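Following: one structure in structure tokens, then a few remarks.
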Amino acid sequence: MAAAAGAISLGFPVIADTEVPEIPASRFCLHEALVPEPKHDRIVERVIEVRPITIKLKEIPLPVPYSGAFEGERVRKENMRVQFGGKYSRAFELLVAAPADRIRDGKVELIGDDIDRVPDGGSLPLGILIEAAGRKMAKDFEPILERQVHSFINWAMGVMHMGQRDMIWVRIGREAFEKGFRLRHLGEIIAARLHNDFGAIVNKVQVTIFTDADEVASRIGEAEKIYRERDLRVAGMTDESVDEFYSCTLCQSFAPSHVCIISPERLGLCGAYNWLDGKAAHEISPAGANQPVPKTGLVDPALGQWRGINEFVFESSHRALSKLNLYSIMRDPMTSCGCFEAIVAIVPEANGVMVVSREYPGQTPLGMDFITMAGMVGGGVQTPGFMGIGRLYVTSPKFISAEGGIKRLVWVSGDLKRALKDRIEERARKVGEADLFDKIADEETAVDSAGLLEFLQKADHPALKMDPLL
Ligand code: SF4
Ligand code: ZN
0 MAAAAGAISL GFPVIADTEV PEIPASRFCL HEALVPEPKH DRIVERVIEV RPITIKLKEI
60 PLPVPYSGAF EGERVRKENM RVQFGGKYSR AFELLVAAPA DRIRDGKVEL IGDDIDRVPD
120 GGSLPLGILI EAAGRKMAKD FEPILERQVH SFINWAMGVM HMGQRDMIWV RIGREAFEKG
180 FRLRHLGEII AARLHNDFGA IVNKVQVTIF TDADEVASRI GEAEKIYRER DLRVAGMTDE
240 SVDEFYSCTL CQSFAPSHVC IISPERLGLC GAYNWLDGKA AHEISPAGAN QPVPKTGLVD
300 PALGQWRGIN EFVFESSHRA LSKLNLYSIM RDPMTSCGCF EAIVAIVPEA NGVMVVSREY
360 PGQTPLGMDF ITMAGMVGGG VQTPGFMGIG RLYVTSPKFI SAEGGIKRLV WVSGDLKRAL
420 KDRIEERARK VGEADLFDKI ADEETAVDSA GLLEFLQKAD HPALKMDPLL
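Position 61 of the sequence shown, counted from 1, bears residue number 60 in numbering that gives the first Met the number 0, the numbering being contiguous throughout.
Structure, rendered in structure tokens:
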């Protein structure tokens, strides 16, 4: 104890392998001064935690090359060994803050089959649960760190990752598989990159990968509850109540001129970033992809246009866009990258808009399915009349408010319509159209424009009496 006291007074925290009473932070030590850790195999980890030490791996030991150059690489069906999520299986990724003593740094566990147990070209369910601990780790940072998984994984040659939350789609190529790439490598990549890129807040990372169908099914429910809680945090805030919005340029690796402008009432189009997340991300890395964008020089409150935002977008789109209307789909709308949760598109003959979700495989009244439309909308260009969005934007008071808002909604793919039912009804009541929900068509009602029009007329849909969209 005397030796320890001497070390402590020199500013060294002391870890003892004997049972000594713990001494909390003192004026000599920033954190705990004396910590007992009788288990020798845990002592290094404990030291890392107490200091707290930032770990950086110079090179991640992987069987395939790893670099930013592979970020935009696709794994085509012909070259694919196995895939997860998308249309093929249920899959999710979730990052949560965990108490430091509950997790083991660097531990990667696989629950279920590895990919060598799957026939070539097959699929597996997938759950990636990341638990991160650190002195500065906070619940608010969870979504930001989680959203990085996309690029972390994409850097591996022959591995493709798309989407976010419970909408991920991952492919591992045959070549990567033959070189020895296995599921645990996903966890090793994530742990190493979190240490390297976010060492200031993360000191310990544990990753559990699930491919067991039952495990994935039960855990996806828990994950969805967490996603919903995150979405709720920003509910009730308005665009008028803040002086700045946040940008997101994370997707510029795929769509170099794309910039998301995230406001309290309009989340990022991937659905994984809201205004609070933008703010927290900016706190974590002030020079990173999320910057405050001042709402200065109001040009048009109805369209949602500010000079300050135009200037910001001009610079950060590499001078590709000079004007952005946050609340309009017809005039200088926001660009779309590729990971939007849903697409809004005008249906001119119905004088309204339709919304189709990424999960919906069928036809729409526009004569196109999601994939075809995604090809037109994505890539970081403005496409008046079409827009990729985060699902929750549909029920925001700022949803295409320049064109009349939710009253324009004439068709929504059934899965999304069911998921948003309560929110649509609530929003509809607020705009004096209490029975709007039942007037909105879906694929059961019509998948062509003649059928849609007939339904809308019979239902006396408000869009038919609004100002012409075109
Ligand atoms: Fe950021 Fe937008 Fe990409 Fe989401 S879609 S990661 S908010 S740029
Ligand atoms: Zn994107």
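Idealized CB from N, CA, C, for every residue including glycine.
Just so we're clear, the structure is a prediction, and the values are computed from it rather than from any experiment.
If you draw a straight line from the C-alpha of residue i to the C-alpha of residue j, how long is it?
| i | j | result |
| --- | --- | --- |
| ASP112 | LEU125 | 10 Å |
| ARG330 | ASN324 | 7 Å |
| ALA212 | LEU93 | 17 Å |
| ASP434 | ASP421 | 12 Å |
| PRO118 | ARG173 | 11 Å |
| TYR272 | SER8 | 45 Å |
| SER356 | ILE42 | 49 Å |
| ARG183 | TRP154 | 16 Å |
| VAL19 | ALA32 | 12 Å |
| ARG493 | ALA3 | Only positions 0 to 469 of the chain appear in this structure, which leaves residue 493 out of reach. |
| ILE475 | VAL95 | Outside the modelled stretch of the chain, which goes from 0 to 469, sits residue 475, for which no answer is possible. |
| ALA401 | PHE436 | 21 Å |
| ASP238 | GLU264 | 6 Å |
| ALA288 | THR17 | 46 Å |
| HIS460 | PRO396 | 19 Å |
| ARG370 | GLY378 | Contrary to the premise, residue 370 reads as Ile rather than Arg in this sequence. ILE370 and GLY378: Cα-Cα distance of roughly 13 Å. |
| LEU365 | ASP447 | 7 Å |
| GLY384 | TRP410 | 15 Å |
| ALA427 | GLY450 | 24 Å |
| SER217 | GLN82 | 20 Å |
| THR382 | LEU266 | 19 Å |
| SER321 | THR394 | 28 Å |
| TRP305 | GLU243 | 11 Å |
| GLN251 | ILE14 | 45 Å |
| ILE345 | ASP115 | 46 Å |
| PHE151 | ILE188 | 7 Å |
| LEU419 | GLU425 | 10 Å |
Since I believe residue j is in contact with residue i (beta carbons under 8 Å), could you give me their beta-carbon distance rounded to a whole number of angstroms?
| i | j | result |
| --- | --- | --- |
| PRO12 | ARG45 | Going by Cβ atoms, the distance from PRO12 to ARG45 rounds to 10 Å, so no, they are not a contact pair. |
| ILE143 | ALA280 | 4 Å |
| LYS416 | ASP441 | 5 Å |
| LEU408 | ILE439 | 5 Å |
| PHE339 | CYS269 | 7 Å |
| HIS317 | PRO255 | 6 Å |
| GLY277 | TYR245 | 3 Å |
| VAL74 | ARG181 | Contact flag wrong, Cβ pair sits at about 16 Å. |
| PHE176 | ARG80 | 4 Å |
| MET386 | PRO332 | 5 Å |
| PHE253 | GLY374 | In fact, because the Cβ distance is near 14 Å, the residues do not count as touching under 8 Å. |
| PHE398 | GLY389 | In fact, because the Cβ distance is near 11 Å, the residues do not count as touching under 8 Å. |
| ASP299 | TYR359 | Between TYR359 and ASP299 the Cβ distance is about 33 Å, and since that is not below 8 Å, they are no contact. |
| GLU214 | ILE110 | 6 Å |
Would residue i be called buried (16 or more neighbouring beta carbons within 10 Å of its own) or exposed?
| i | result |
| --- | --- |
| VAL376 | buried |
| GLY5 | exposed |
| GLN205 | buried |
| ASN78 | exposed |
| GLY157 | buried |
| THR334 | buried |
| ASP498 | Outside the shown range of the chain (0 to 469) lies residue 498, about which nothing can therefore be said. |
| LEU275 | buried |
| LYS406 | buried |
| GLU48 | buried |
| MET0 | exposed |
| ASP104 | buried |
| ARG101 | exposed |
| PRO285 | exposed |
| LYS76 | exposed |
| LYS203 | buried |
| GLU21 | exposed |
| GLU145 | buried |
| GLU141 | buried |
| GLY303 | buried |
| LEU391 | buried |
| ARG192 | buried |
| GLY179 | exposed |
| SER315 | buried |
| GLY351 | buried |
Between residue i and chain B, is any beta-carbon pair separated by less than 8 Å?
| i | result |
| --- | --- |
| ALA3 | In the structure shown, chain B cannot be found, because there is only a single protein chain. |
Measuring CB atoms only, is the region 134-149 touching the region 196-206, in the sense that at least three cross pairs come out at less than 8 Å?
yes
If you pair each beta-carbon of the region 284-293 with each one of the region 304-316, do three or more pairs fall below 8 Å?
yes
Taking any heavy atom of the ligand ZN as the mark, which residues have a C-beta closer than 6 Å to it, listed down the chain?
CYS250, CYS269, CYS336, GLY337, CYS338
Could you tell me whether the region 150-165 touches the region 82-96, where touching means 3 or more Cβ pairs closer than 8 Å?
yes
Could you say if the region 221-231 and the region 345-361 meet the contact criterion of at least three C-beta pairs nearer than 8 Å?
no
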